[in-house]
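In this note's numbering, the protein residues as written are -18 to 182.
Ideal Cβ positions, reconstructed from N, Cα and C, are used throughout, including at glycine.
What follows is one structure encoded as structure tokens, with my remarks underneath.
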Amino acid sequence: MTLSVDSESRLYSILRRVAGVGLFSWHPFLMTFSFSFFMTEALLIFSPDSSPIQHFSHKIKGRYHWILQTLATTCALLGLAAIFYNKHLNSKPHFATWHGLVGLLTVLFAVMQSLGGVSLLFPKLAKGWSLAKLKRYHAASGLVGYLLGCSSLLLGMSSLWFTTAVHSLRWYLAALCPILSTLVIMNQVTSSYMTKKRFQT
Ligand code: HEM
């Protein structure tokens, strides 16, 4: 489907009015919200030390987890649409930087991971796989997805646009946030999923 020049500029002016800022600004905002907030919280839900719903059953935590992950994936898709459309409007090449390429891989991975998560809600869909095995694979690939998200954020923070606005100590402080949260999540997932005997069934 192709949009006429008229309907394109109308869509752009509506987006600008809704945003109050340029379309581009939605990209870092939605991506940071997706990975640093929704996805981080979706994983911390299972933390034995800092879960916001520590005393709830594992089943309830699982429900909060998939709702937050769905929000994270939706924000990531909207963030990708914002930058893709903005580049299209400015006739700039797509996926031409490491950030663009790793970012695209990250969003595709997040979508696949979410689809994989459906098999945990309906284990009968994955015939021949035990629930324990599915959970372990989901946790391991989820960790890879989170690491990809952190890498995309750091590459985004290394872009000319960001380093022109934020530099010196403030840049290092900003970069510390995804790095620290990744270390926390890595420690949580490896200690509770990878090494436990309870998944050897
Ligand atoms: C996990 C989070 C992120 C993902 C998955 C992601 C993904 C992407 C993708 C796929 C593109 C290329 C789109 C195209 O070529 O059509 C892109 C471009 C861009 N992103 Fe991100 N992004 C993320 C976070 C950020 C952040 C936090 C910033 C700023 C601090 C940022 C700044 C930019 C800039 C300046 C561009 C245009 C230049 C380029 O293509 O490298 N991004 N992003």
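Euclidean distance between Cα positions of Leu85 and Gln35: 34 Å
Span of the alpha helix (DSSP H), counted from its first residue to its last, around Ala53: His39 to Leu70
Stretch pair the stretch 41 to 61 + the stretch 150 to 169: three plus CB contacts closer than 8 Å: no
The stretch 38 to 57 touching the stretch 6 to 20, judged by at least three CB pairs closer than 8 Å: yes
Nearest-angstrom Cα separation, counted from Ala155 out to Met12: Answer to the nearest angstrom: the Cα atoms are 15 Å apart.
Helix, strand or coil at Ile34 according to DSSP, with G and I counted as helix: Three-state result, Ile34: coil.
DSSP state of Phe27 mapped onto helix, strand, coil: Here Phe27 carries a coil assignment [DSSP, helix/strand/coil].
Separation of Ser149 from Leu115, as counted between CA atoms: 44 Å
Trp152 beta carbon near ligand 1 (any heavy atom closer than 7 Å): no
Leu124 classed as buried or exposed, judged by whether at least 16 other C-beta atoms fall within 10 angstroms: With 16 or more other Cβ atoms inside 10 Å of its own Cβ, Leu124 counts as buried.
Where Trp142 falls, given that 16 or more other Cβ within 10 Å makes a residue buried: Under the 10 Å beta carbon count, Trp142 is surrounded by fewer than 16 other beta carbons and is classified as exposed.
Simplified DSSP assignment, three categories, for Gly3: coil
Option nearest Ser38 by Cα separation, candidates Ile48, Ser31, Phe27 and Trp47: Phe27
Integer-rounded CB distance, given that Ser100 should sit under 8 Å from Ala107: 4 Å
Own chain residues within Cβ distance below 6 Å of Ile188, not counting five before or after: This structure cannot speak to residue 188, because the chain is shown only from -18 to 182.
Contacts around Leu61, its chain only, beta-carbon distance under 6 Å, and the 5 residues preceding and following it disregarded: Val88
Where Phe76 falls: helix, strand or coil (DSSP): coil
Pairwise C-alpha distance: Ser31 and His46: 14 Å
Where Phe18 falls: helix, strand or coil (DSSP): Residue state, collapsed to three classes: helix.
Nearest-angstrom Cβ-Cβ length linking Pro104 and Cys131, presumed shorter than 8 Å: Not a contact, Cβ separation roughly 30 Å.
heavy atom of ligand 1 below 7 Å from Thr145 C-beta: no
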